[in-house]
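To keep things clear, I will list the structure first and then write my remarks on it.
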Amino acid sequence: APTDNISIPSDYVLGPGDKLAISLFGNDNDEQYSGYISREGVISIPSVGPVNVLGLSFNQASNLINKKVSSSLLGTEVFLSLEELRSISVYVLGEAYIPGRYTMSGLSSVTNALFVAGGVNEEGSLRNIQVRRNNKVITTFDFYDFLLRGSLKTDIRLLDGDVIFIPFIENKVKLGGAFKRPYLYEL
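For the sequence shown, the numbering used here begins at 28 and goes up steadily by one.
This is how it looks when you write it as structure tokens:
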């Protein structure tokens, strides 16, 4: 779905492919620039020069650019906005309904990726979904919390190259009879 109308959280981490719009105003400056963050994480601002924003949150980058502009162009202030979001590639592997590599918006989360991949197949764990970054498990996502309670407390924003791994169900029990939802449950 288009992400043009979504507000950008201040903790959004900038990266290569994001397009920034920079408005300078003040003394004799009323200029607007826009440009993509390079692969090296640099945005080039005319009259100021290159500024490295790689790995900075939107808020941190805004403060850094403000300092650079203030020191280079006296009496000039800056307004920064995110014009276009970059795309990220994530892998949904293991017992996903349609495992594979998916290209998504830079604002995507674990639940977004699971829905794009068709969810968890019949053999997959809903309670122990691992999110791996740089070969380390950074969080474990419990899909039951989302499905039964609407809770997103373990849902995190994904970064380029993240792996969502869905293992097999290890412990399960089948409940039948006079239950609201008789079915196979993971313990």
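Glycine residues also receive a C-beta, built at the ideal position from the N, C-alpha and C atoms.
Exposure of residue i, with buried meaning 16 or more beta-carbon neighbours within 10 Å
i: Ser152; result: buried
i: Val164; result: exposed
i: Glu24; result: Residue 24 falls outside the range modelled here, since the chain spans only 28 to 214, and no answer is possible.
i: Thr103; result: buried
i: Phe195; result: exposed
i: Asp57; result: exposed
i: Gly133; result: buried
i: Phe170; result: buried
i: Ala88; result: buried
i: Gly82; result: exposed
Host alpha helix (DSSP H) of residue i (start-end)
i: Asp172; result: Phe170 to Arg176
Endpoints, beta strand (DSSP E) assigned at residue i
i: Val78; result: Gly76 to Asn79
i: Thr202; result: Thr is not the amino acid found at residue 202; the sequence shown has Leu there. Taken as a continuous stretch (DSSP letters only), the beta strand (DSSP E) holding Leu202 covers Lys199 to Leu202.
i: Ala48; result: Lys46 to Gly53
i: Val69; result: Val69 to Ile72
Simplified DSSP assignment, three categories, for residue i
i: Phe192; result: strand
i: Lys163; result: strand
i: Leu186; result: coil
i: Ile92; result: helix
i: Ser84; result: strand
i: Ser98; result: helix
i: Tyr210; result: strand
i: Asn57; result: According to the sequence provided, residue 57 is Asp. The question's Asn does not apply to it. Asp57 falls in the strand class under three-state DSSP.
i: Gly62; result: strand
i: Thr103; result: strand
i: Ile156; result: strand
Cβ distance (whole Å) where residue i is taken to contact residue j below 8 Å
i: Tyr118; j: Val190; result: 5 Å
i: Lys46; j: Ser61; result: 6 Å
i: Val78; j: Ile72; result: 6 Å
i: Ala144; j: Pro126; result: 7 Å
i: Ile115; j: Ser135; result: 7 Å
i: Arg113; j: Gly42; result: 6 Å
i: Val69; j: Lys95; result: Not quite, the Cβ-Cβ distance comes to about 12 Å (not below 8 Å), so this is no contact.
i: Asn93; j: Asp38; result: Wrong, their Cβ atoms sit about 17 Å apart, outside the cutoff.
Going along the chain, which unbroken runs of the beta strand (DSSP E) with 3 or more residues stay wholly within the segment 107-151? Note on the segment 107-151: whole beta strand (DSSP E) runs with a minimum of 3 residues are 114-121 and 127-132, in chain order.
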